[in-house]
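In what follows, a single structure is set out as structure tokens and then discussed.
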Amino acid sequence: MKYDSTSLKLPIENLEAKDYLPLNGTDYIEFYVGNAKQAAHFFKTAFGFQDHAYSGLETGSKEKTSYVLKQNKIILVLTSSLISKNHINDHLIKHGDGVKNIAIWVDDSRKSWKETTERGAESAFKPYTIEDENGKVVLSGIKTYGDTVHIFVERSNYKGIFLPGFISHTSEYQPENTGLKFIDHMVGNVGWNEMDTWVNYYKNVMGFAQLVSFDDKDISTEYTALMSKVMTNGNGRIKFPINEPAKGRKKSQIEEYIDFYNGAGVQHLALATDDIIGTVSKLRSRGVEFLQVPKSYYNDVMDRVGEIDEDISPLSELGILIDRDEEGYLLQIFTKPLMDRPTVFFEIIQRKGAKSFGKGNFKALFEAIEREQENRGTL
Ligand code: FE2
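This is the structure in structure tokens:
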């Protein structure tokens, strides 16, 4: 859908976040995938997610199956179709495996839907109540960039494991978790000239404020460029950076994403840890592939970021990047794409005071991504 900023009923000059919904935090992230059973195995084995809940033929769900995985506060839902023709398969054909639903935990789902649709959001589905012996959940949905949907989840009257229709799911195979704690931020890639449309959407429809702004001069290499703006809700628990491609000599990673995803969509989920060296060591030993910056990155990084608590040698061995802002520093690393198409990936992040997103690393990082694009023949 195209969000039309001319249909807005509110002035757009309000820069302060207006927390009229309010949003309590991320509830879950739902991926539509070709084979949910195998995808669940991958996220358990590689990233240390734990079995949590399940719905499928055994629970009376005849058209789709979902595996719900959990690691601390992060909940991933992996959903596949059980029949040949439905919207899940349409989504798969168009986008490949990717994020469909970004579910947000709210106190009042009906009010959230009403407020946002009145402010110009297109409804994905109207509020409805589902219930089982554990109580009631109210769900509603609005469309955002591409075919992505925000679901408002009201679960204060529910005591069950996940949502009505789901049963608790455990397995004897349960790899140890890797220390991933919560979703720090979630990034969307949108098409040419669409960034401001979606920035205004988050501002006006969701009541978000803009945190940081980069332009293509901030984030460019010899070949490629992008523009990025970070939107956040009032309590700061939800941060959505929005990227748009910018003109460069060659195809940028954002453009490559848009080509393979066939439009806008979620580019990466940043997962927070409080021990990035431990977490990344575990992930690497389980076969997770990361973007590799050249060793020369570590030659002058200390001059740029100053003193940090960690030894540089494990950071350098693991390929962890460092950046500093006025409030502190952060450590981060990016996986290679999680799917066959070069689309969605994870960032692993540890914040030591910094509230920014690693702008100082973008150049080194993009050059690493360009080497991957070169290998794929898509630069
Ligand atoms: Fe990020």
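Counting in my numbering, the sequence shown runs from 55 upward without gaps.
Note that CB positions come from ideal geometry on N, CA and C, so glycine has one too.
Closer than 6 Å: is that where the CB of residue i sits relative to any heavy atom of the ligand FE2?
i: Glu298; result: no
i: Ala324; result: yes
i: Phe411; result: yes
i: Glu401; result: yes
For residue i, count the other beta carbons within 10 Å of its own beta carbon; 16 or more makes it buried, fewer makes it exposed. Which is it?
i: Lys213; result: exposed
i: Asn415; result: buried
i: Tyr108; result: buried
i: Glu226; result: exposed
i: His204; result: buried
i: Phe101; result: buried
i: Gly373; result: buried
i: Thr183; result: exposed
i: Gln228; result: exposed
i: His141; result: exposed
i: Asn68; result: Legend: pLDDT at Asn68 = 43, less than 50; position of this residue unreliable, value from coordinates given subsequently. By the neighbour-count rule (16 or more Cβ atoms within 10 Å), Asn68 is not buried but exposed.
i: Phe388; result: buried
i: Lys283; result: buried
i: Arg358; result: exposed
i: Pro348; result: exposed
i: Ser210; result: exposed
i: Glu187; result: exposed
i: Gln404; result: buried
i: Glu361; result: exposed
i: Gln346; result: exposed
i: Ser367; result: exposed
i: Gly152; result: buried
i: Arg303; result: exposed
i: Asp238; result: buried
i: Arg430; result: exposed
i: Leu247; result: The amino acid occupying residue 247 in the given sequence is Asn; Leu does not appear at that position. Classification of Asn247: exposed, given that the 10 Å Cβ count is below 16.
How about residue i and residue j: do their beta carbons lie closer than 7 Å?
i: Gly245; j: Ile147; result: no
i: Trp159; j: Ser194; result: no
i: Lys154; j: Tyr74; result: no
i: Met281; j: Glu309; result: no
i: Leu385; j: Ile330; result: yes
i: Ile376; j: Leu234; result: no
i: Ala318; j: Tyr199; result: yes
i: Met285; j: Phe262; result: yes
i: Val191; j: Pro218; result: yes
i: Tyr351; j: Ala418; result: yes
i: Ala324; j: Phe236; result: no
i: Thr275; j: Glu421; result: yes
i: Leu130; j: Leu136; result: no
i: Pro231; j: Gln125; result: The sequence given here has Asn at residue 231, not Pro. Yes, they are a contact pair.
i: Asp81; j: Ala157; result: yes
i: Thr119; j: Ser138; result: no
i: Leu77; j: Ile292; result: yes
i: Pro391; j: Phe399; result: yes
i: Gly382; j: Lys406; result: yes
i: Ser410; j: Asp379; result: yes
i: Gln321; j: Asn254; result: no
i: Gly150; j: Met393; result: yes
i: Tyr315; j: Thr251; result: no
i: Phe206; j: Ser177; result: no
i: Ile423; j: Gln307; result: yes
i: Lys301; j: Leu433; result: no
Do three or more CB pairs link the stretch 97–117 to the stretch 217–232 at distances below 8 Å? yes
Three or more C-beta pairs under 8 Å: does that hold for the stretch 90–101 against the stretch 339–351? yes
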